[in-house]
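Peer 1: Per our numbering: the sequence shown ends with 436, consecutive numbering throughout. Note that beta-carbon positions come from the ideal geometry of N, C-alpha and C, so glycine has one too. As the structure is a prediction and not an experimental result, all values here were calculated from the model.
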Amino acid sequence: MKNGLYIIAAIALTAGASCGSGSGKQPRGPIVLGDSATIVTEKDSQYLRDMVMDIQPAYDNNPEPQKPVKDTVKKQPVRDTVTTTTKQEAVAPGLAVEFGGTKMVLAGLDASQPRKQNADKESELSFSLRSGEPGKGKLVFYNAKNVTVKQRYQSRLLLKSPLGTVDLRDLGLYTSGWNTVAASNKGNTQSFDLNALMHPAFSQVNNAKVKNAADRELRKRRAGSKAIQGWMKEIKGIRNANDKPCDIELDNVQWQVSGTDAQGKPFRKTIRIDA
């Protein structure tokens, strides 16, 4: 046992001596960055070969054609806006009244309001004529359906001659009945011609009634006897209200209008215009 230990110790001493004896070269210091003397460059070509295989992508020479993707989005038809768009009709000039999205125009007439009125809430509206002749005008409705118009008027009798004008107030006013006015439609516009007002009627009168009414009116004016006699000569041939120098004029016109407005609500209004 002791002999074995001696042998191991001898081998260890021999190995240490061989490591220390070397070839006489001094141990190298640490490698300094940038110092070519401390850089070891491999020159043996067998260690310089690239042993790593290059990776190349595999290409399919006969690729399968790609299937078209089915369009699952449902196409919406394009609406023709040219044919579906309603042209805005030109609004006729005249007195305009608006309610419920509907516009009513007294075409050809200009009038003022005696007071501020709310056409949406009030069922009766009144105006005073400033210019235009009702008989040459039209009642035009925009954006309304199933419109019905009934019309009546009140008239008065006057005398007109080179001597002047005499209003026969004592004969009072004539009131016509309600008459339905015919309509003409164009697009969303309904028009009612008022030409029936061109020839208003008056109550039945005779020469005596006209003379008495004229005499009373002239005396209210404090006309002289000569002026009164002149008028009596002018009216001596009158037999009815249509004889000259009688002249029948409109005092006022009333319309009862009804239908459905632009919002789909029924409307009914009475419109009055004083001449």
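Opposite residue 393 in the DSSP bridges: which residues?
Peer 2: DSSP, once it has assigned bridges, lists no residue as partnering residue 393.
Peer 1: Measure how close the beta-carbons of residue 255 and residue 423 come, nearest whole angstrom, since I'm counting them as under 8 Å.
Peer 2: Wrong, their Cβ atoms sit about 19 Å apart, outside the cutoff.
Peer 1: Quick check on residue 275: does DSSP put it in helix, strand or coil?
Peer 2: coil
Peer 1: Cα-Cα, which of 315, 350, 388 is closest to residue 359?
Peer 2: 315
Peer 1: Can you list, in chain order, the residues of its chain whose CB lies under 6 Å from that of residue 246, leaving out five sequence neighbours each side?
Peer 2: Note on residue 246: pLDDT 28, under 50, position unreliable in the model; no value is reported.
Peer 1: Which same chain residues, not among the five before or five after residue 391, have their C-beta less than 6 Å away from its C-beta?
Peer 2: Result list for residue 391: 324, in chain order.
Peer 1: Roughly how many angstroms separate the alpha carbons of residue 238 and residue 353, rounded to a whole number?
Peer 2: Caution is warranted here: a pLDDT of 45 is assigned to residue 238, below 50, making its placement in the model unreliable, and the coordinate value is therefore given only provisionally. If you take the alpha carbons of residue 238 and residue 353, they lie about 41 Å apart.
Peer 1: Locate the alpha helix (DSSP H) running through residue 378, then write down its first and last residues.
Peer 2: 368-381
Peer 1: What residues match up with residue 427 in a beta bridge as DSSP calls it?
Peer 2: 421
Peer 1: Tell me whether residue 255 sits in a helix, a strand or coil according to DSSP, three-state version.
Peer 2: strand
Peer 1: Under a Cβ-count criterion, where at least 16 other Cβ atoms within 10 Å of its own Cβ denotes burial, should residue 234 be classed as buried or exposed?
Peer 2: Residue placement at residue 234 cannot be trusted, given a pLDDT of 49 that sits under 50; the coordinates are not used to answer.
Peer 1: How far does the beta strand (DSSP E) with residue 297 in it reach, from first residue to last?
Peer 2: Per DSSP, residue 297 belongs to no beta strand (DSSP E) and is neither H nor E.
Peer 1: Quick check on the DSSP output: the beta strand (DSSP E) that includes residue 321 runs from which residue to which?
Peer 2: 306-322
Peer 1: Quick one: using the 10 Å Cβ neighbour count with 16 as the cut-off for buried, is residue 365 buried or exposed?
Peer 2: exposed
Peer 1: Tell me which same chain residues have a C-beta within less than 6 Å of the C-beta of residue 312, skipping the five on either side of it?
Peer 2: 340, 342, 416
Peer 1: DSSP state of residue 357, grouped into three classes?
Peer 2: helix
Peer 1: Is residue 243 helix, strand or coil when you go by DSSP?
Peer 2: Caution applies to residue 243, whose pLDDT of 30 falls short of 50 and renders its modelled position unreliable; the model cannot decide the point.
Peer 1: Just tell me which of 322, 305, 285, 259 has its CA closest to the CA of residue 344.
Peer 2: Here the closest residue by C-alpha is 305.
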